[in-house]
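Asker:
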Amino acid sequence: MGLKKQLVYWLVNRKVKSIRRNKKFVNLDSAKTAGIVFNCEDRAAFEDLKKTLSQKHIKCTELCFIAGSADNLANCISNNDFSFWGMPKSSVLTDFLNTEFDLLIDLSMSSSVQAQVIRALSRASFKAGWSEAQPDFFDLSIDVSKRREPSFLVAQLTHYLDKIK
């Protein structure tokens, strides 16, 4: 791990300690709100998840990560929304992170610093997803390493979040 990445993780870990987060187990029956993070090219998986959550009367807020510029795109972020040190700098991103969702679902399956920052700094009560990155900021991490597809992750997450009481 490079020096810059180490410094970013050090800053993130310091910031995590100052965040007040109401940690609790949340399933699809108890959740009222959900924040969903996904990559732009995985919109179909996001739409499937949003449909499932809407059927359970869960209000969804999306945060779409795009490779290019996210200027003037609602609920979209890019690398430009993070400072040199990896900290959030756009209002779209900080508003999302400061929202106290019942459930944060990350479909990005990314190990990027930006994805880790979102997972770490979210004030969601319960965080679910999958990543190979360490540290793991999820409360529920589903291993999809044998089938790395967002649609498979959606199927697994909805299955377990529906079954676990």
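Per full-length UniProt numbering, the very first residue in the sequence shown carries number 1; after that it's consecutive.
Here a beta-carbon is modelled for each residue, glycine too, at the ideal position from N, C-alpha and C.
What does DSSP give as the partner residue(s) for C64 in the beta ladder?
Answerer: In the DSSP assignment, C64 is bridged to F38, C76.
Asker: Taking the alpha carbon of residue 179 as the point to measure from, which residue in R123, F101, T52 has its own alpha carbon closest?
Answerer: No information on residue 179 is available, as it lies outside the stretch 1 to 165 that the chain covers here.
Asker: Considering only their Cβ atoms, is the gap separating D102 from L93 smaller than 7 Å?
Answerer: Contact: no.
Asker: Taking all protein chains shown into account, do 16 or more other C-beta atoms lie within 10 angstroms of the C-beta of A45, making it buried, or fewer, making it exposed?
Answerer: buried
Asker: Give me whichever residues DSSP pairs with I105 in a beta bridge.
Answerer: I36, A128
Asker: What are the start and end residues of the alpha helix (DSSP H) that includes N22?
Answerer: Here N22 belongs to no alpha helix (DSSP H), and DSSP marks it neither H nor E.
Asker: Quick check on the DSSP output: the alpha helix (DSSP H) that includes N27 runs from which residue to which?
Answerer: Here N27 belongs to no alpha helix (DSSP H), and DSSP marks it neither H nor E.
Asker: Over the uninterrupted alpha helix (DSSP H) stretch that includes H159, give me the two end residues.
Answerer: 150-163
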